[in-house]
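So the protein lines, in turn, are chains R and B. Per our numbering, the first sequence starts with residue 44, numbered consecutively. Per our numbering, the second sequence starts with residue 311, numbered consecutively. Idealized CB from N, CA, C, for every residue including glycine. As the structure is a prediction and not an experimental result, all values here were calculated from the model. Report on the structure given below.
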Amino acid sequence: MIITRQKTFDEIEAMVDDHDYNKIALIGCGGCVAFYHQGGRKETVELAEKLKAGSRDVITGIANRQCYLCREEDVRDLNDADTLKKVSREIEGFDNLDGVEAVISLACGVGVQNLANLVEIPVIPAQNTMFMGKRRVRGDFDIEQCIGCGDCILGLTGGICPVTRCAKSLMNGPCGGVFKGNCEVSQSRVSKHPVPCAWILIYKKLKKLGRLDNMKKIRPARDFVKSANMRMLEVEQVG
Amino acid sequence: MADRLFSKFMESVKSREFTISGEIDPPKDVNREAVEEQVSCLKDHVVAANVTDNPIGDVIMNTFAPCVIMQEMGLEAIYQATCRDRNRIALQSDIIGAAAVGIKNVLALTGDHTRMGNHPQAKPVFDFDSVLLTQTIRKMVDEGKNWAGLELEHPPKLHVGVGLSPGLDPLEPEIIKLEKKIEAGAEFAQTQCVYDVRILERLKEETSHLEIPILPGLAPLRSIGMAKFMLKYVPGISIPDEMLKQLETSKDLKETTIDMTAELIRTVKEMGFAGVHIMPVGMDAQVGEMIKRSGVR
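As structure tokens, then:
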């Protein structure tokens with residue numbers, strides 16, 4: 044899942060007020076942000092109520108998946124007005140975004156950019172997109188699990204990612220900063236919540252699996268060509 | 311590779327003499343005298359001294375300048391290189407530069423995280439880790455090639471050592487990492503500071519299958535406050551109760567600290583370690599006395 048945290052209301056309101064937007068559409072998302080109660084139907088309505096308190100004209104809607112609102116080829120030949128109509132039809136809650144001065148998207152960064160690419164209306168993000176991760180079983184933390192490095196080594200590390208879960212993304216075992224089994228970056232002087240050292244977790248898991256030999260091999264330096272910015276993947280044509 | 315000796319430090323280690331290295335802390339500004347003062351205190355007592363690389367990520371004078379000053383004053387430098395602030399390009403470039411001005415020893419470290427110091431917002435690099443840095447330096451020195459495989463007509467000639475944290479629990483992952491560092495070409499190891507003989511005993515036991523010369527690290531405990539701080543915040547630190555009591559009841563702290571450190575130096579030698587690495591943490595002027603009282607010379 045994409046883990047997000049909603050921006051503070053003050054920050055969102057400031058972006059609206061900076062440009063005196065009065066007619067605003069709030070678009071939630073039925074994907075990850077809904078699952079983790081950051082930008083689903085309920086949160087969209089709640090944010091709309093707060094914005095209405097400033098006597099603004101606010102409408103709300105939900106896109107099933109904002110990251111997959113319309114296919115690029117479906118709108119490629121349409122003019123702006125027709126694109127807007129098509130996008131509007133994909134959103135449950137209203138028929139037309141026409142006349143809206145600004146859209147506030149409650150989706151992740153991918154959803155925001157997808158929407159902004161489709162409509163010629165300013166789009167304001169309501170979320171800070173944090174990472175790819177999951178909610179811990181006890182529910183008190185969302186934890187990052189994948190950094191998208193483009194070169195997965197989970198098969199060698201007992202299914203625990205050192206690139207993501209080691210503060211230094213180390214490839215060859217723990218550093219000297221293991222404090223009582225936790226990463227010293229998470230210890231009390233700099234952070235409130237102790238986080239287990241990823242390499243100690245990997246060590247314990249590999250030991251259990253009888254595969255400690257995986258940890259004994261020198262792993263080569265990472266190839267950052269695979270994870271540098273501006274990544275694009277060619278898609279194989281189906282059919 | 312039999313006569314592959316570039317430095318006095320390595321010569322001493324190889325000769326099986328009990329080798330003592332020191333350490334200086336570069337100042338946070340352009341205070342050359344602060345470097346000279348530390349070097350003056352150490353130069354007659356240690357074979358070589360480390361120059362730290364912005365420990366915990368605080369901004370201080372770089373490693374390079376104090377190494378040069380130190381060597382001009384006649385004390386051999388051990389250049390600490392960490393992976394925190396430099397990618398593989400900068401690391402190799404610095405090693406080449408260091409070798410060009412006559413630096414003969416490098417300590418390859420991963421480095422503290424940027425979050426620990428006074429610039430926590432800085433981007434942590436960690437393109438390499440200590441294992442990969444060690445491997446790359448050895449490749450430059452022995453094969454005359456840089457990481458990318460390009461030939462170096464004039465390769466650097468220096469020795470590479472590594473760090474080791476003997477107080478970590480569990481210790482096995484740290485030992486596995488040391489084995490990898492040795493496989494990568496590490497020629498010596500200096501450890502995180504140790505105060506507890508049990509830690510030294512465990513280290514001896516767990517590394518008995520390894521050839522690498524180990525110099526346990528000692529940092530004089532200057533006060534009970536320092537001891538408590540280290541126990542609370544520094545990973546892998548264990549301090550025996552008796553030592554804490556000594557500090558608490560001491561009538562002359564400086565004397566107590568010198569005696570305690572001297573005792574540890576003696577113990578390290580008696581246990582058969584290759585040497586000892588003294589990090590004076592401000593007690594540079596007392597290092598000579600600590601060594602003298604230890605009776606190791």
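Quiz item: Taking the runs of the alpha helix (DSSP H) that are 4 residues or longer, which of them lie wholly in the stretch 514-564 of chain B?
Solution: 534-543 and 551-559
Quiz prompt | Contact set between the stretch 512-538 of chain B and chain R, restricted to residues whose Cβ is under 9 Å from the partner | solution = So nothing in the stretch comes that close.
Quiz item: Contact check, glutamate 86 of chain R vs glutamine 49 of chain R under 8 Å by CB: the rounded distance?
Solution: 7 Å
Exercise. Establish whether the CB of lysine 490 of chain B and some CB of chain R are separated by less than 8 Å.
Key: yes
Self-check item: 7 Å Cβ shell around proline 365 of chain B - same chain, five flanking residues per side excluded
Solution: Asp422
Quiz item: So, is the C-beta of alanine 499 of chain B closer than 8 Å to a C-beta in chain R?
Solution: no
Practice problem: Could you tell me whether any Cβ in chain R is nearer than 8 Å to the Cβ of arginine 398 of chain B? | Solution: yes
Exercise. Say whether chain R places a C-beta atom closer than 8 Å to the C-beta of proline 336 of chain B.
Key: no
Exercise. Can you grab the Cα-Cα spacing for the pair asparagine 65 of chain R / glutamate 89 of chain R, in whole Å?
Key: 18 Å
Quiz item: Do the stretch 557-577 of chain B and the stretch 270-280 of chain R meet, that is, are 3 or more Cβ pairs less than 8 Å apart?
Solution: no
Exercise. Pair every Cβ in the stretch 355-364 of chain B with every Cβ in the stretch 386-405 of chain B, then say whether three or more of these pairs are closer than 8 Å.
Key: yes
Quiz prompt | DSSP state of cysteine 218 of chain R mapped onto helix, strand, coil | solution = Judged by DSSP in its simplified three-state form, cysteine 218 of chain R adopts coil rather than helix or strand.
Quiz item: Taking only beta-carbon atoms, is alanine 264 of chain R less than 8 Å away from chain B?
Solution: yes
Quiz item: Closest to glutamate 573 of chain B by CA distance: which of B:Glu599, B:Arg326, B:Ala499 and B:Val441 is it?
Solution: B:Glu599
Practice problem: Residues of the stretch 207-225 of chain R with a CB closer than 7 Å to any CB of chain B: list them in chain order, please. | Solution: Ala210, Lys211, Ser212, Leu213, Met214, Asn215, Gly216, Pro217, Cys218, Gly219, Gly220, Val221 and Phe222
Quiz item: Would methionine 383 of chain B be called buried (16 or more neighbouring beta carbons within 10 Å of its own) or exposed?
Solution: With fewer than 16 other Cβ atoms from the protein chains shown falling within 10 Å of its own Cβ, methionine 383 of chain B counts as exposed.
Quiz item: Can you tell me the Cα-Cα spacing of isoleucine 588 of chain B and threonine 200 of chain R, whole angstroms?
Solution: Cα atoms of isoleucine 588 of chain B and threonine 200 of chain R: separation of roughly 36 Å, rounded to the nearest angstrom.
Self-check item: Residues sharing a beta bridge with arginine 178 of chain R, DSSP
Solution: R:Asp185
Quiz item: Looking at leucine 244 of chain R and phenylalanine 436 of chain B, is the spacing between their C-beta atoms short of 8 Å?
Solution: no
Quiz item: Checking contacts by CB at 8 Å: is methionine 258 of chain R closer than that to chain B?
Solution: Yes, contact with chain B.
Quiz item: Is valine 118 of chain R close to chain B, meaning its C-beta is less than 8 Å from at least one C-beta of that chain?
Solution: no
Quiz prompt | Boundaries (first-last residue) of the alpha helix (DSSP H) holding tyrosine 246 of chain R | solution = 241-252
Quiz prompt | Contact set between isoleucine 311 of chain R and chain B, taken where Cβ atoms lie within less than 8 Å | solution = The structure shown does not extend to residue 311 of chain R, since chain R is modelled only from 44 to 282, so the question has no answer here.
Practice problem: Identify the continuous alpha helix (DSSP H) that holds proline 163 of chain R and give its terminal residues. | Solution: Proline is not the amino acid found at residue 163 of chain R; the sequence shown has glutamate there. Here glutamate 163 of chain R belongs to no alpha helix (DSSP H), and DSSP marks it neither H nor E.
Exercise. Please determine, among B:Leu468, B:Gly454 and B:His469, the residue with the shortest C-alpha to C-alpha distance to threonine 462 of chain B.
Key: Reading off the sequence, residue 462 of chain B comes out as leucine, not threonine. That would be B:Gly454, whose Cα lies nearest to the Cα of leucine 462 of chain B.
Quiz prompt | Uninterrupted alpha helix (DSSP H) stretches inside the stretch 55-88 of chain R (no shorter than 4 residues) | solution = Every alpha helix (DSSP H) of 4 residues or more that sits fully in the stretch 55-88 of chain R is shown, in chain order, as 75-78.
Exercise. Kindly give me the distance between the Cβ atoms of valine 606 of chain B and phenylalanine 328 of chain B, rounded to whole angstroms, as I take these residues to be in contact under 8 Å.
Key: That pair is a contact at about 6 Å.
Quiz item: Which residues bound the alpha helix (DSSP H) around threonine 126 of chain R?
Solution: 123-133
Quiz item: Would you call tyrosine 111 of chain R buried or exposed, if buried means 16 or more other Cβ atoms sit within 10 Å of its Cβ?
Solution: exposed
Exercise. Might you give, ordered along the chain, the residues of its own chain that have their beta carbon closer than 6 Å to the beta carbon of glycine 152 of chain R, omitting 5 neighbours on each side?
Key: Thr172
Quiz prompt | Terminal residues of the beta strand (DSSP E) in which leucine 419 of chain B lies | solution = 415-419
Exercise. Inspect the CB distances between the stretch 155-164 of chain R and the stretch 217-230 of chain R and report whether three or more fall short of 8 Å.
Key: no
Quiz item: Should proline 523 of chain B and valine 356 of chain B be called a contact, given that it needs their Cβ atoms to be closer than 8 Å?
Solution: no
Self-check item: Whether glycine 73 of chain R touches isoleucine 105 of chain R by CB criterion (8 Å)
Solution: yes
Quiz prompt | Interface partners of glycine 228 of chain R on chain B, CB under 8 Å | solution = Looking at the sequence itself, residue 228 of chain R is valine, so the reference to glycine does not match. By Cβ distance, chain B contributes His423, Arg425 and Met426.
Self-check item: Start-to-end residues for the alpha helix (DSSP H) that takes in asparagine 257 of chain R
Solution: 256-259
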